[in-house]
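Notes follow once the structure below has been shown.
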Amino acid sequence: MRTDILDYYNFYQTPLGRMTERFVGAQLRDAWGDGANLSIAGFGYPNPYLELFNAARRRISLSPGAQGVIRWPNGADNCACLTHEYEWPLPDASLDRVLLIHGLEESSAPEKLLREIWRVLADDGLLIVVASHRRGLWSMIDTTPLAAGRPYLRGQLNGLLQASMFRAREKSAALFFPPVRMNLLLRAAPSWERAGARIWPSLSGVIMIEAEKDMMAPVGLVRQRGVRDLKPAIAAPRPATRAGRVRSQ
């Protein structure tokens with residue numbers, strides 16, 4: 042069972058969620074800049090991070106059916122939809138970049154999910170996977186969505202990518218501060234983040250790997266699929282309600 046879309050939405054409205062967005066987003070912006078002229082999709086709950094790539098030619102937010110979906114972005118044409126986890130409504134080689142965040146840990150078949158990403162990425166396309174780190178406090182303390190599902194060690198994530206026909210290019214990490222909601226401690230989060238990256242780099246809350254398609258892999262194993270119909274989202278929910286989400290039937 043996947044985390045509800047409203048749990049993600051509500052988390053990112055909190056001070057702790059905004060701090061999470063700040064530090065994870067900084068790593069993503071370093072990797073892909075503002076996304077100028079790129080076609081970018083995110084899977085899982087990518088909405089706060091897709092906002093970073095405001096110069097992209099196209100941005101799409103894809104949510105797994107069991108999670109639900111909300112309209113995104115606010116104040117513009119909707120670019121969010123529900124999709125089957127392993128059958129995205131996109132043609133082969135149609136994306137320049139894919140961001141997988143809050144999407145891998147609760148996948149029932151992570152290799153199939155990554156193979157679907159391989160299918161929709163252009164030959165020179167790039168994937169960034171952001172996954173909860175098994176050694177970090179964030180995967181152990183059940184106060185944030187990062188504690189849901191299966192966390193990964195860096196070696197496990199790298200092995201999964203290799204098995205799914207990806208080759209790792211760059212590695213990074215974030216969230217070295219503890220997942221606490223006390224404002225006093227949150228004010229010290231930037232200092233924790235800087236110190237943690239230097240002193241205990243193996244204890245981050247999330248690990249990130251940027252990967253490229255391995256074009257030497259047996260591409261015949263990737264089965265072409267028909268493009269599925271999109272299911273549109275509705276308006277973003279009010280944090281205090283449980284209404285306003287769409288799920289696949």
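Residue numbers (our numbering): 42 to 290.
Cβ atoms here follow ideal geometry from the backbone N, Cα and C, with glycine treated the same way.
(message) Checking the sheet assignment: what are the DSSP bridge partners for Glu251?
(response) Position 210 of the sequence shown, counted from the start, is the residue given in the question as residue 251. In DSSP, Glu251 forms a bridge with Ile169, Glu211.
(request) Look at the alpha carbon of Ser135 and the alpha carbon of Pro219, and state the distance between them as a whole number of angstroms. (result) The residue labelled residue 135 in the question sits at position 94 within the sequence shown. The residue labelled residue 219 in the question sits at position 178 within the sequence shown. Approximately 38 Å between the Cα atoms of the pair.
(request) Identify every residue that forms a DSSP beta bridge with Arg4. (result) Here the chain has residues from 42 to 290 only, and residue 4 is not among them.
(request) Closer than 8 Å by C-beta to Pro192: which residues in its own chain qualify, once you throw out the five before and the five after it? Chain order, please. (result) Reading the sequence shown from its first residue, position 151 is the one you call residue 192. Same-chain partners within the cutoff: Glu146, Ala172, Ser173, His174, Arg175, Gly177, Ser180.
(message) Spatial neighbours of Ala107 within its chain, please: C-beta separation below 6 Å, excluding the five flanking residues on both sides.
(response) As a first step, residue 107 is located in the sequence shown; it is residue number 66 there, counting from the start. For Ala107, where only same-chain residues beyond five positions count, the Cβ hits under 6 Å are Arg43.
(request) Assign Thr124 to buried or exposed, taking buried as 16 or more other Cβ atoms, counted over all protein chains shown, within 10 Å of its Cβ. (result) Position 83 of the sequence shown, counted from the start, is the residue given in the question as residue 124. Under this definition Thr124 is a buried residue.
(message) Only counting the same chain, and skipping five residues up and downstream in sequence, which positions put a Cβ closer than 7 Å to that of Ala163?
(response) Residue 163 sits at position 122 when you count from the first residue of the sequence shown. Ala134, Leu136, Asp137, listed in sequence order.
(message) So the candidates are Tyr50, Met60, Asp118, Gly76; which of them puts its Cα closest to the Cα of Gly85?
(response) For the purposes of this step, residue 85 is taken as residue 44 along the sequence shown, with counting starting at 1. Selected option, being the one with the closest Cα: Tyr50.
(request) With DSSP as the reference, please indicate the residues paired to Arg30 in a beta bridge. (result) Nothing about residue 30 can be read from this structure; the chain reaches only from 42 to 290.
(request) Look up Tyr49 in the DSSP assignment and give the residues it is bridged to. (result) Locating residue 49 in the sequence shown gives position 8, counting from the first residue. DSSP, once it has assigned bridges, lists no residue as partnering Tyr49.
(request) Report the rounded CA-to-CA distance for Ala252 versus Trp73, giving the unit in angstroms. (result) The sequence position of residue 252 within the sequence shown is 211, counting from 1. The sequence position of residue 73 within the sequence shown is 32, counting from 1. So the alpha carbons of these two residues sit roughly 13 Å apart.
(request) Verify whether the separation of the beta carbon atoms of Tyr90 and Leu57 is less than 8 Å. (result) Reading the sequence shown from its first residue, position 49 is the one you call residue 90. Reading the sequence shown from its first residue, position 16 is the one you call residue 57. Their beta carbons are not under 8 Å apart, which means Tyr90 does not touch Leu57 by this criterion.
(request) Mind checking who Ala204 pairs with in its DSSP beta bridge? (result) Sequence index remark: in the sequence shown, residue 204 carries index 163 (1-based). Bridge partners of Ala204 according to DSSP: none are assigned.
(message) With a threshold of 7 Å on Cβ separation, who are the neighbours of Ser205 within its own chain once the five nearest residues in sequence on each side are excluded?
(response) For the purposes of this step, residue 205 is taken as residue 164 along the sequence shown, with counting starting at 1. Excluding residues within five positions, the ones whose Cβ falls inside 7 Å are Glu152, Leu155, Arg156, Trp159.
(request) Please name the residue or residues paired with Ala121 in a DSSP beta bridge. (result) Taking the first residue of the sequence shown as position 1, residue 121 is located at position 80. Paired residue(s): Ser102.
(message) Would Glu234 and Phe217 qualify as a contact pair, given that the criterion is a beta-carbon distance under 8 Å?
(response) Position 193 of the sequence shown, counted from the first residue, corresponds to residue 234. Position 176 of the sequence shown, counted from the first residue, corresponds to residue 217. Contact flag set, yes.
(message) Bridge partners for Glu128 per DSSP, in chain order?
(response) By 1-based counting over the sequence shown, the position of residue 128 is 87. According to DSSP, which records beta bridges pairwise, Glu128 is partnered with His125.
(message) Just verifying my parser: in three-state terms, what is the DSSP assignment at Leu227?
(response) Numbered from 1 along the sequence shown, position 186 holds the residue referred to as residue 227. Leu227: helix per DSSP, three-state reduction.
(request) Tell me whether Leu162 sits in a helix, a strand or coil according to DSSP, three-state version. (result) Counting from one through the sequence shown, the residue named residue 162 turns up at place 121. DSSP places Leu162 in strand when its eight states are reduced to three.
(message) Less than 8 Å between the beta carbons of Glu293 and Ser148, yes or no?
(response) Coverage of the chain is limited to positions 42 through 290, which leaves residue 293 absent and any answer about it impossible.
(request) Using only alpha-carbon positions, find the residue among Asp75, Val110, Leu103, Leu168 that is nearest to Arg210. (result) Position 169 of the sequence shown, counting from 1, holds the residue named residue 210. Of the candidates Asp75, Val110, Leu103, Leu168, the one whose C-alpha sits nearest the C-alpha of Arg210 is Leu168.
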